[in-house]
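Beneath this line is the structure, given in C-alpha cells, with notes to follow.
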Amino acid sequence: MASPRAGVPRPPPTGTLLIRDISHLATQNDELGEISDAAIFIRGNVIEWVGKMADLPPELSTSADRVIDGKGHVFLPGLVNTHAHMFQALNRCMAQDQLLYGWLKTLYPVWAQHTASSVFVSTVVSMSELLLSGCTTSSDHLYMYPHDVKLDDTIRAARALGLRFHPVRGGMSAGVSRGGIAPDSVVEDEGAILEDMERCITEFHDNSRLSMLRLALGPASQKTVTNELMISAARLARRHPGVRLHTHLAENQEDIEYTERLYGYRFGSYISAVEWDKCDCWFAHCVKLNESERALFSERGIGVAHCPSSNTRLASGIAPVRAMLDQGVNVGLGVDGACSSDAQSLLAEARLALLLQRAGGDPKGLGVREALRMATRGGATNLGRQGELGQIAPGFGADVVGFKFQGKLAFAGTVADPVAALLLCAPDSGPVHWSIIDGHVVVREGVLLAADGNRWARETVAAAAAAEVVVEGGEGGAAAAAAEVEKVEGGGEAEGREEVPLDLAALLAAAERHSRALVAGVSEAALGRR
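Take 281 as the starting number for the sequence shown in our numbering and just add one per residue.
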C-alpha cells in the first residue's frame, strides 16, 4: 500500500484538447520537423494528430472539449530535466567561491538540518521554477535523509503540481571514517538504504507507458559510498523493469584525483567494476571523461546529464559535449541543485550549453536545434522515455509547452527564427505561457496551477513556522504563521480543482522560514559573504 504521505496521483483526463493556429511548432520529430501555422489535437493524455492548421480534419476542428489559441506562440515538447537536487533550493548563494569538494563540505551540515516539511517546500520551489521555464518531466536525486525525511516528501510535491517525475532514491554510506568526504553524521547504514530503495520501488514505481512516476536508484557518488553499495543498487534495480540508475561522475579534477587515489584507475574502469556500465545508467556532469570513456558510453548506451551552470559556478570545467555528440553519446540537460546553479531553468541551461561549446572558437560548437534536442529528446532518452516523451507526434505523451513571443520586448525583431529566439534572445524565455502535462493544463497563460489547491499551503506554512520557532526560541514565528494560515484558509471549496493557482505567497513565506532555520548558526564564510 502506497504511503499517504506521498499524496495521491492524478488520473489522466478523459476529454480532448485542441491547440490551434500555432505560429511556430518545433516538434523535435524527424519526420514532422518544424511547422508554421500548426495544430495539435490531444485525446486524454496522448497526442492524436499534428500538422498544418489547413490540414486539420473538420471533425477534430469542431469536436474538441477545450481549445487553446496558439497564435503568437512557439510550441515545443515539454522539456526534460535529467539531474537535480531539489532539497537544495532553500540554500542559494552559499559557498560562492569554492570548488566542488569544499562546497560539499561546507553545505553538508546545512542540509543535515532538513526536515520532511523543509524538503517538501524546497522541492515545490524547485519544481515551480522548472514548470514555469517549460519543464514537464524531471528527475530529482535526493541523497540525504535526516530527521525522517523520505522520498515520499518529494513525490508529494510532484503530485501536487502535476509534474511527471523520476525521483532517484540516493544515499550516502561512506563518511570520513570510511574514506569518504561526508561527515559520518549524515550517512546511512547500507542495509537501511537498500531496504528503503526496495520500499520505494514497491510503493511508487510505475513502468506502464506514459507513467507519471518511475524510480531510479542513485548512491550519491564514488566519494560517499562503497563499491558494494553501488553493486547492490545496480542488481536491485535490474530486478525491477524500468528502474534505472543515476549518480555523479567525472565532475572535476578533484574527482579524477580521488578516484585514482582510492581505486588506482579512472572512471571507465570504475563504472565497469561496480556494474554501472549498461544502457540503464545515466550520469551527471561527466566533465572529465576522456576519449576512451566517451567511446564506452557510446558503445553501451550510457547517458550524460550536462549541467553547465553548476559546472561553471563550481569551476569544474566545460564538459566536452561536442565530442560526446560526435562519438554518439546521448546527452540531456540538468539544472542540478539550486545551491550550485542558483536557478532552476532548463532553457537557461540549454542556452549556456550552446554558448560554452562555442567559447573555444568554434561557431558551430553547438547549434540551437541541437541544444533544444538535448533539452527534449536527449532528456527523454536518459530517462528511458524515448518512445513516449520529448517529441510532438501522434502516439506520444501529451506533454507540450507554449512560449508567447508576441508582444514581448525580448522577442522584438525575431521574425527570422522565433524558435532560435527562445535560446538566443534571453537567458530565460519564461514564464512559459502554456504547459500541458499528461493532458492536463498545468500552466495557464503564465499562471502555475496546483492539483490540490491550497491545502498544502496551510500545512506547509504552519510547519515552517514551527521550525522557525525552534530556531529562534520565540513566539513571533508562530504568530506570523497563524496569520499566513488564516490568509490561505479561504480556498476550501476550490481545493482539488485543476484551475486553482498555486499560492506563491504562502510558498515564499514557508521557504523563507525554512531557509532561516537551515542556516541558523552557519558562519558568514559558509554563507559566502565577503
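Positions of the beta carbon are idealized from the N, C-alpha and C atoms, including for glycine.
None of the values given here were measured: they were computed from a predicted structure.
Of V456, H304, Q376, the smallest CA-CA separation from G350 is found for H304.
Taking a cut-off of 8 Å for Cβ pairs, the region 616–624 and the region 666–673 do not touch, as fewer than three such pairs fall below it.
If only uninterrupted alpha helix (DSSP H) runs of at least 4 residues are considered, those enclosed by the region 659–732 are 659–662, 698–704.
A straight-line Cα-Cα distance of about 32 Å links A585 and A789.
A direct Cα-Cα distance of roughly 18 Å separates D433 from E475. Looking at the DSSP output, G451 sits in a beta bridge with P499. Inclusion of T403 and G460 in the CB contact set at 8 Å is not warranted, their separation being larger than that value.
In the DSSP assignment, E328 falls within the beta strand (DSSP E) that extends over 326–332. Taking E314 as reference, the option from V699, H720, G641 with the minimal CA-CA separation is V699.
In the DSSP assignment, W383 falls within the alpha helix (DSSP H) that extends over 380–391. Per the coordinates, the alpha-carbon of V567 lies some 11 Å from the alpha-carbon of R574. When beta bridges are read from the DSSP output, F563 appears opposite T527, V584. Considering only R300, V354, G295, the residue with the shortest C-alpha distance to D697 is V354. Minimum Cα-Cα distance from F445 among the listed residues G358, S316, A630, K688 corresponds to G358. The beta carbon of S578 is closer than 7 Å to those of Q607, G608, V609 in its chain, skipping five residues each way along the sequence. Annotation for H365: H421, G617 place their beta carbon closer than 6 Å to its own, counting only its chain and skipping 5 residues before and after. Residue pairing from DSSP places T417 in a beta bridge opposite V360, R444. A residue is called buried when at least 16 other Cβ atoms come within 10 angstroms of its Cβ; R631 meets this threshold and is buried. Here C480 has L431, R449, L495 as same chain residues with Cβ atoms under 7 Å from its own Cβ, once five neighbours each way along the sequence are excluded.
Cβ neighbours of Q393 within its own chain (closer than 6 Å, five residues either side excluded): L798. Here Y550 is buried. Its C-beta has 16 or more other C-beta atoms within 10 Å. Its Cα nearest to that of V330, the residue A319 stands out among L652, M374, H363, A319.
When rounded, the separation of the alpha-carbon atoms in G597 and E537 is 15 Å.
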